[in-house]
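Chemist: Let me begin by handing over the structure; questions about it come next.
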Amino acid sequence: MLKPSDRSRQCFLPPIPELDLAADWLSLAADAVLEGREEDAKRLIAKADMPILGEFAQRITGKVDPAIHWQSRMPTDVLAERIKQRMPSSSVEYGIYQRDGWRCRFCNIKVISPKARKLLVEMFPSVARWGRVNRDKHYALSALTATLDHILPHSRGGTNEEGNLVAACGMCQFGRGHWTLEEVGFTDPRERQPIVDSWDGLTRLLR
1 MLKPSDRSRQ
11 CFLPPIPELD
21 LAADWLSLAA
31 DAVLEGREED
41 AKRLIAKADM
51 PILGEFAQRI
61 TGKVDPAIHW
71 QSRMPTDVLA
81 ERIKQRMPSS
91 SVEYGIYQRD
101 GWRCRFCNIK
111 VISPKARKLL
121 VEMFPSVARW
131 GRVNRDKHYA
141 LSALTATLDH
151 ILPHSRGGTN
161 EEGNLVAACG
171 MCQFGRGHWT
181 LEEVGFTDPR
191 ERQPIVDSWD
201 GLTRLLR
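Just so we're aligned: the sequence shown equals residues 1 to 207 in our numbering.
Written out as structure tokens, the structure is:
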């Protein structure tokens with residue numbers, strides 16, 4: 001088997017079409033909320049809750065699989081002493097999401113604002129379910145919620161400087177864990193221009 005350093009890829013697995021479909025349904029749900037059509041919003045949120053998204057996410061964020069992660073175990077050379085502040089301020093975080101077009105810089109899927117997700121969960125708890133374990137969380141809201149990823153992992157000495165941070169989906173972030181880009185064979189997403197268009201990560205719900 002070739003070593004990760006001998007190969008390159010952008011992410012663990014090619015995104016499945018249902019991820020984009022779920023983002024579209026959640027976007028329509030946001031429009032329905034803003035227009036006062038709450039029943040339509042509930043119906044669309046329920047449609048986006050597709051089990052296939054949970055299955056796809058679990059393949060990446062679950063048990064280490066050498067066929068997917070190109071590693072057989074998590075790294076053991078994490079630093080005992082590291083930057084104390086685990087994450088930057090919320091304003092820096094929001095600025096990075098905007099800079100990156102509310103898309104995962106690795107797999108390019110659309111991601112949504114954590115605050116917008118929280119609002120939908122509060123407004124529609126019967127369909128935007130958010131339990132304590134993954135299987136009890138709305139599959140699309142879980143898979144598509146934006147996270148910040150350290151290019152050089154925090155546990156390996158990475159800082160909170162904006163140049164070391166990119167927007168990511170939970171699958172790419174939690175799937176990579178403590179591994180470096182080189183260890184999983186990822187190309188550096190900072191070498192690609194972010195996709196910035198009309199997608200707003202559902203932040204229009206917060207205005």
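Yeah, the Cβ is synthetic: ideal placement off N, Cα and C, and Gly gets one too.
Label R135 either buried or exposed according to how many other C-beta atoms from any shown protein chain fall within 10 Å of its C-beta, with 16 as the threshold for buried.
Modeler: As a working mapping, residue 135 is identified with position 135 in the sequence shown. Burial call: exposed.
Chemist: Tell me whether V184 sits in a helix, a strand or coil according to DSSP, three-state version.
Modeler: Position 184 of the sequence shown holds residue 184. In this structure, V184 counts as helix in the three-state DSSP scheme.
Chemist: Please report the Cβ distance between L53 and L13, rounded to the nearest whole angstrom; I am assuming they are in contact, meaning their Cβ atoms lie under 8 Å.
Modeler: As a position in the sequence shown, residue 53 is number 53, starting the count at 1. As a position in the sequence shown, residue 13 is number 13, starting the count at 1. Not quite, the Cβ-Cβ distance comes to about 13 Å (not below 8 Å), so this is no contact.
Chemist: Helix, strand or coil: which one does DSSP assign to W130?
Modeler: Your numbering for residue 130 matches position 130 in the sequence shown. Three-state DSSP puts W130 in a strand.
Chemist: Name the DSSP beta bridge partners of A167, please?
Modeler: Indexing the sequence shown from 1 puts residue 167 at position 167. A167 is bridged to L148.
Chemist: Return the residue from the list S8, L21, R9 and Q10 that minimises the CA-CA distance to A140.
Modeler: The count along the sequence shown starts at 1 and reaches residue 140 at position 140. Out of S8, L21, R9 and Q10, L21 has the C-alpha closest to the C-alpha of A140.
Chemist: Between the segment 111-129 and the segment 36-45, are three or more C-beta pairs nearer than 8 Å?
Modeler: As far as the Cβ criterion goes, the segment 111-129 touches the segment 36-45, which means the pair count is three or higher.
Chemist: Which residue's Cα is closest to the Cα of M87: D197, T147 and R37?
Modeler: In the sequence shown, counting from the first residue as 1, residue 87 sits at position 87. Among D197, T147 and R37, the Cα nearest to that of M87 is on T147.
Chemist: Is the number of C-beta pairs between the segment 164-171 and the segment 92-111 that are closer than 8 Å three or more?
Modeler: Yes, they touch.
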